[in-house]
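> The opening position of the sequence shown corresponds to residue 7 in the working numbering, with each subsequent residue numbered one higher.
Using N, Cα and C, we set each Cβ at its ideal position, and we do this for glycine too.
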Amino acid sequence: MSHSDNRYLKEAYYYKITQRGVQCLICPHKCILKDGQIGICHTRINRNGKLYTEVYGRTCALHLDPIEKKPLYHFHPSSNCLSVATVGCNLACKNCQNSTISQAIPSSVKSVYLPPDELIETCVKNKCNSIAYTYTEPFTYFEYTLDSSKLARQKKINNVIVSAGYINQDPLKELCQFIDAANIDLKSYDNELYKNLSHATLQPVLDTLITLKAAKVWLEITNLLIPGLNDNKNKINEMCHWLVDNGFEDTPLHFSRFFPTYQLNNIEPTPLNTMIMARDIAYEVGIKYIYLGNVTEINGDNTYCPSCHKLIIERKGYYVIDKHLINGKCEYCGYTIAGKF
Ligand code: SF4
C-alpha cells in the first residue's frame, strides 16, 4: 500500500481483539485476522493489532440512476438516485455481474477519493432524491455507508442499500436508523445453494429481512432465477411461503432473469416459462406485488392494484410512463398501495 493510500484507511467500527488476532464483527464470516492479514471481503486488514477498512471514501463507481434501476418500484417512483460503490464483497457468487470490482483487491481498481461530506455534496449538486450504496456490498464498506448515511439524513436525502443482506445484527441495527429503503437479494430458500453458489448461509439473510422490516425500512426483494440451481417449483414455493408466513406479502418481489455470466457462463438464460411460473406461484401463495426483471419479451414491470386489479403504474423498462395513484392509493378503488409514494 502506498503512503497516499492511507487516506482510505479508517479504524473499523465493529471488531474485537482475540488471542488469535482481531476479529471483524460485521458479517457472519467473523474473520479472525493476524497482523497484515485481510478478510474474506478483501477490504479489511489487521494493522498492528487494530482492524481497519481499506476502502473508506475509496469510490470505484459513481452513477446517476433512476431509482427503478436498483430495483425499487414502490419508493419515490421516477426519482433520481446517486449510486456509489467501493471495491469488495463478503460473498463470492459464481454468477456475480460485478466481479471486477466485488472480488478485486482495493489497490487493483481505479478509484477516486470521495469522503462522506464530498459524496453527499455531489448528491445535493445533482438534486438527487436518494443515494444508493450498491453494485458491490455496502455492508463490507460499512463505515463509509454509515457515515455517509448520517450526513445524507441531515440533508434530507434518502439512503438506499442494495445488498445480499449478509450482515450481523448489531451493525445492521445501527445502520437501520439511517436507511430509508433497501433491496435485498434473496438467492433462494436453500442453505446448500447459499453455500455452493455464494460461500454464505441462508439464515442471516432471513434475519436481515426481518430486522429491516421491524425497523420500518422500505423493503423490496430480488430473487434471480438460475436454471437448474434455484428455479425448482418447490423451492420457489417454499421461499414464497416463508415470505408470506413472515409478513412480507406487501413486500414487492422482483424475479430476475439469469443470463450467462462470470463462472456460470455455461448455463442458458432462464426460460420465459420459468419466469411466468415463478410469478404465478408467488401470486398464488399471496404475494401482492410481483415483477419480472431482465425480460423484454413480456411486460413484467407494471404495478397492478391487488384489490381491483387495474393497472396503476405503467412502466417501460425503468421508466414510469403512466400513474393512477392519488396520495398512495389506487385511483380506481382507493386501496392503499404499499410503499413510499
Ligand atoms: S466484513 Fe469482511 S472481514 Fe469482516 S467478517 Fe465479513 S468478510 Fe470478514
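Per DSSP, what are the beta-bridge partners of His191 in this structure?
For the purposes of this step, residue 191 is identified with residue 185 of the sequence shown, where counting begins at 1. Note on identity: in this sequence residue 191 is Asp, with His being the wrong assignment. Paired residues: Thr228.
> Please go through the same chain and pick out, in chain order, the residues whose beta-carbon is closer than 7 Å to the beta-carbon of Leu235, but skip the five residues on each side of it.
Numbered from its first residue, the sequence shown carries residue 235 at position 229. These residues qualify, in order along the chain: Leu199, Leu203.
> CB-CB under 7 Å to Ser8, same chain, minus the five flanking residues each way: which ones, in chain order?
Within the sequence shown, numbered from 1, the residue matching residue 8 stands at position 2. Because Ser8 carries a pLDDT of 47, less than 50, the predicted location of this residue cannot be relied on, and no value is offered for it.
> Let me know if Arg26 comes out buried or exposed under the rule of 16 or more other beta-carbons within 10 Å of its beta-carbon.
Locating residue 26 in the sequence shown gives position 20, where the first residue counts as 1. Arg26 comes out exposed.
> Given this structure, state the Cα-to-Cα distance separating Phe264 from Pro275, to the nearest angstrom.
For the purposes of this step, residue 264 is taken as the residue at position 258 of the sequence shown. For the purposes of this step, residue 275 is taken as the residue at position 269 of the sequence shown. Phe264 and Pro275: Cα-Cα distance of roughly 5 Å.
> Give me the DSSP bridge partner(s) of Asn86.
The count along the sequence shown starts at 1 and reaches residue 86 at position 80. The partner list for Asn86 (beta bridge, DSSP) reads Pro72.
> Can you give me the C-alpha to C-alpha distance between Thr106 and Lys56, rounded to a whole angstrom?
For the purposes of this step, residue 106 is taken as the residue at position 100 of the sequence shown. For the purposes of this step, residue 56 is taken as the residue at position 50 of the sequence shown. Between Thr106 and Lys56, the C-alpha separation is close to 28 Å.
> Please determine, among Asp237, Gly334, Ile304, the residue with the shortest C-alpha to C-alpha distance to Ile318.
Indexing the sequence shown from 1 puts residue 318 at position 312. For Ile318, the nearest C-alpha among the options comes from Gly334.
> Can you name the residues that DSSP bridges to Val166?
Position 160 of the sequence shown, counted from the start, is the residue given in the question as residue 166. According to DSSP, Val166 bridges with Ala138, Ala187.
> In chain order, what residues place their C-beta within less than 6 Å of a heavy atom belonging to ligand 1?
Residues flagged by the Cβ proximity filter: Cys30, Ile32, Cys33, His35, Lys36, Cys37, Gly45, Ile46, Cys47, Arg50, Asn96, Thr146.
> Below 8 Å on the Cβ atoms is my guess for Gly94 versus Glu143; work out the distance and round it to an integer in Å.
Numbered from its first residue, the sequence shown carries residue 94 at position 88. Numbered from its first residue, the sequence shown carries residue 143 at position 137. Rounded, the Cβ-Cβ distance is 7 Å, consistent with contact.
> Measuring alpha carbon to alpha carbon, tell me which residue in Met245, Tyr119, Ile332 is nearest Leu68.
Counted from its first residue, the sequence shown places residue 68 at position 62. Taking only the C-alpha atoms, the option nearest Leu68 is Tyr119.
> Give the DSSP bridge partners of Tyr119, in chain order.
Here residue 119 is taken as the residue at index 113 of the sequence shown, counted from 1. Answer is Arg64, bridged to Tyr119.
> What is the residue span of the beta strand (DSSP E) that Gln29 lies within?
The count along the sequence shown starts at 1 and reaches residue 29 at position 23. Note, Gln29: beta strand (DSSP E), 27 to 30.
> Where do the ends of the alpha helix (DSSP H) carrying His247 lie?
Residue mapping note: residue 247 aligns to position 241 of the sequence shown, counting from 1. Here the alpha helix (DSSP H) through His247 covers 239 to 251.
> For Ile173 and Leu331, what's the separation of their Cα atoms in angstroms?
The residue given as residue 173 occupies position 167 in the sequence shown. The residue given as residue 331 occupies position 325 in the sequence shown. So the alpha carbons of these two residues sit roughly 36 Å apart.
> Quick one: residues in its chain with C-beta nearer than 8 Å to the C-beta of Arg285, no 5 flanking neighbours on either side, listed in chain order?
Position 279 of the sequence shown, counted from the first residue, corresponds to residue 285. Correct list, in chain order: Phe261, Ile296, Leu298, Gly306.
> Is DSSP giving Glu196 helix, strand or coil here?
For this step, residue 196 is matched to residue 190 along the sequence shown. Strictly speaking, residue 196 in this sequence is Asp, with Glu absent from that position. In the structure shown, Asp196 sits in coil (DSSP, three-state: anything other than H, G, I, E or B).
> For Arg13, which beta-bridge partners are listed by DSSP?
Walking along the sequence shown from the start, residue 13 turns up at place 7. Arg13 pairs with nothing; no bridge assigned.
> Label Lys346 either buried or exposed according to how many other C-beta atoms from any shown protein chain fall within 10 Å of its C-beta, with 16 as the threshold for buried.
As a first step, residue 346 is located in the sequence shown; it is residue number 340 there, counting from the start. By the 10 Å Cβ count, Lys346 comes out exposed.
> Could you name each continuous beta strand (DSSP E) segment of 3 residues or more that falls completely within the region 250 to 321, going from the start of the chain to the end?
Within the region 250 to 321, the complete beta strand (DSSP E) runs of at least 3 residues are 259 to 263, 296 to 299.
> Check whether the region 178 to 189 touches the region 37 to 49, counting contact only when three or more Cβ pairs, one atom from each stretch, lie closer than 8 Å.
These segments do not touch.
> Residues bridged to Lys346 by DSSP?
In the sequence shown, counting from the first residue as 1, residue 346 sits at position 340. The partner list for Lys346 (beta bridge, DSSP) reads Phe81.
> Roughly how many angstroms separate the alpha carbons of Cys339 and Glu124, rounded to a whole number?
For this step, residue 339 is matched to residue 333 along the sequence shown. For this step, residue 124 is matched to residue 118 along the sequence shown. Each residue's Cα considered, the two are about 45 Å apart.
> Assuming Met281 and Lys239 make a contact with CB atoms under 8 Å, what is their CB distance in whole Å?
Here residue 281 refers to the residue found at position 275 when the sequence shown is read from its first residue. Here residue 239 refers to the residue found at position 233 when the sequence shown is read from its first residue. Going by Cβ atoms, the distance from Met281 to Lys239 rounds to 13 Å, so no, they are not a contact pair.
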